[in-house]
Amino acid sequence: MHHTFSTISLRNQRRCNLPTDRSVNFVNYVIKEVNDDKGKGFGAKLRKADNENTEYQSWEILSRWVNLEWESDRKAFALIGASIARVKPATDGKLSIGEALRMVHLKDKDIGDLEKSSSALRLRRILACKEKDELMDILKPVVRYVESSGLLLQQARLLDEILWFNNDESRERTRAKWARDFFRKKEES
Numbered sequence: 009m010h011h012t013f014s015t016i017s018l019r020n021q022r023r024c025n026l027p028t029d030r031s032v033n034f035v036n037y038v039i040k041e042v043n044d045d046k047g048k049g050f051g052a053k054l055r056k057a058d059n060e061n062t063e064y065q066s067w068e069i070l071s072r073w074v075n076l077e078w079e080s081d082r083k084a085f086a087l088i089g090a091s092i093a094r095v096k097p098a099t100d101g102k103l104s105i106g107e108a109l110r111m112v113h114l115k116d117k118d119i120g121d122l123e124k125s126s127s128a129l130r131l132r133r134i135l136a137c138k139e140k141d142e143l144m145d146i147l148k149p150v151v152r153y154v155e156s157s158g159l160l161l162q163q164a165r166l167l168d169e170i171l172w173f174n175n176d177e178s179r180e181r182t183r184a185k186w187a188r189d190f191f192r193k194k195e196e197s
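Per the working numbering, the sequence shown runs over residues 9 to 197.
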């Protein structure tokens, strides 16, 4: 009975677009540790987590949060952990991928047509993804692009969106949200 309740609770969290406790706890843990890292190498290990050749160095940290044998889930945690380790935010950000790409475009001094911008091309490539592994390959440079603009993604929500991307209903809802966040009208900005 308890298992059914937690499954329903998890589904409700996803429908309301709230990050799950697991993702929030992971993000908060990593933020705390990278900001408190006193020469222990925590941040250095995680910064390497999204590189296929050095990812194994972060497994000690990731193993507390994900079954390392589940490659696509492990890579999702690695992507988010590496991003947090590079940026060292004080708290989780507030922006979805769509909102962040829109803001990168708006910060550009040479603002052109939003629909023809490099940010729109990046978003369209993300929206074309049909599975989690493909999404992570495309997201990796996009996350770095957003980081280079000084914007903070809501990492806990992004982690959940990645983890649930192979679920048809969740994938469509996530893609629609990212598109809506990016292409919304000027008055809504």
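A virtual CB, placed ideally from N, CA and C, is assigned to each residue, including glycine.
task = Answer yes if the region 23-37 comes into contact with the region 52-59, meaning at least three C-beta pairs across the two stretches below 8 angstroms, and no otherwise.
result = no
ask   = If you draw a straight line from the C-alpha of S125 to the C-alpha of C137, how long is it?
value = 19 angstroms
key: Under 7 angstroms between C-beta atoms of G101 and L161   = yes
task = Inspect the beta-carbon positions of V42 and A108 and report whether they are closer than 7 angstroms.
result = no
request  = Could you check which residue in K185, R110, D44 has the C-alpha nearest to that of A98?
outcome  = D44
Cβ neighbours of I88 in the same chain (closer than 6 angstroms, five flanking residues each side left out) = Q163, L167
key: Status (buried if at least 16 other CB within 10 Å, exposed otherwise) for G158   = exposed
query = When you compare each of R188, R94, E142, H113 to L171 by their alpha carbons, which one comes out closest?
reply = E142
ask   = If L76 sits next to A86, beta carbons under 8 angstroms apart, how far is it from one beta carbon to the other, in whole angstroms?
value = Contact flag wrong, Cβ pair sits at about 10 angstroms.
task = Enumerate in chain order the residues of its own chain whose CB-to-CB distance from D81 is below 8 angstroms, with the five nearest sequence positions on each side excluded.
result = V74, N75, L171
inquiry  = Going by C-alpha to C-alpha distance, which of R165, E180, K115, S66 sits closest to E139?
reply    = E180
ask   = So what's V74 in DSSP terms, helix, strand or just coil?
value = coil
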